[in-house]
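Start counting at 1 in the sequence shown, then tack on 264, and there's your number in our numbering. Every residue gets a Cβ at the ideal spot worked out from N, C-alpha and C, and that includes glycine. As the structure is a computational prediction, the values presented were derived from the model and not from experiment. Written below as structure tokens is the structure these notes are about.
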Amino acid sequence: HAQASVHLGLRDGLDILMIDTVRPRSAVILTRTDIGTRMDIATSACGRAYFGALLPAEREALLQDYRREAPQRWKAAREMLLRGAADVEAHGYGSSFQEWHRDINAIGFTLRGPRGELYALSCGGPAYALSPKTLRTQVAPAVLATQQAIGLACGVAARASSR
265 HAQASVHLGL
275 RDGLDILMID
285 TVRPRSAVIL
295 TRTDIGTRMD
305 IATSACGRAY
315 FGALLPAERE
325 ALLQDYRREA
335 PQRWKAAREM
345 LLRGAADVEA
355 HGYGSSFQEW
365 HRDINAIGFT
375 LRGPRGELYA
385 LSCGGPAYAL
395 SPKTLRTQVA
405 PAVLATQQAI
415 GLACGVAARA
425 SSR
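The structure is reproduced here in structure tokens:
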């Protein structure tokens with residue numbers, strides 16, 4: 265989609281740390297997400313997708329990290345993360361509609377690298393240009409096809425790329 269930006273990150277504590285970003289040339293307003301930006305795992309689409317890709321014991325460990333490191337946010341984070349995991353199971357991606365940032369809508373997905381590393385990706389942009397419906401019906405199918413193609417190229421099966 266012409267207005268969508270894509271961000272690639274890795275987990276760092278309770279955040280996904282962005283290690284690369286691609287912005288559309290045609291974007292009227294750019295999100296200020298750049299390399300080094302941190303996205304909270306619980307509120308961001310890529311963080312929710314990351315959580316959904318973890319094995320049950322890894323999910324529990326991450327929830328315990330929230331309980332220990334951010335006790336004031338633990339209950340809300342737990343609810344958001346469990347909802348995100350359910351979205352990943354049902355649809356293949358996580359979402360965050362004006363939750364990580366009030367002006368941003370995004371979907372998130374994960375990729376497993378050839379050595380098993382888990383990458384989190386976010387595809388989104390301005391809420392006025394990328395409605396939840398647009399992200400679900402136009403962007404998500406392209407993202408999921410790309411996820412599958414990259415997984416196959418890396419020797420990781422499509423659905424198994426998240427596990």
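Buried versus exposed call for residue i [16 or more other C-beta atoms within 10 Å across all chains shown]
i	result
Ser395	exposed
Val420	buried
Leu345	buried
Neighbourhood of residue i by C-beta, 8 Å cutoff - its chain only, sequence neighbours within 5 removed
i	result
Asp276	Arg302
Tyr383	Leu272, Gly273, Leu274, Thr374, Leu375, Arg376, Gly377
Cβ pair residue i, residue j closer than 9 Å
i	j	result
Gly348	Ile368	no
Gln362	Ala391	yes
Ala354	Ala306	no
Ala325	Leu278	no
Arg312	Gly372	yes
Whole-angstrom C-beta distance between residue j and residue i, which should lie under 8 Å
i	j	result
Gly358	Ala309	5 Å
Cys387	Ala370	6 Å
Cutoff 9 Å: residue i Cβ touching any chain B Cβ
i	result
Ala409	In the structure shown, chain B cannot be found, because there is only a single protein chain.
Spatial neighbours of residue i in its chain, beta-carbon cut-off 7 Å, leaving aside the 5 residues before and after
i	result
Val436	Lying outside 265 to 427, the shown extent of the chain, residue 436 is not represented and no answer is given.
Tell me the start and end of each unbroken beta strand (DSSP E) in the stretch 331–395 that is at least 3 residues and wholly inside, in chain order.
358–361, 368–376, 382–390
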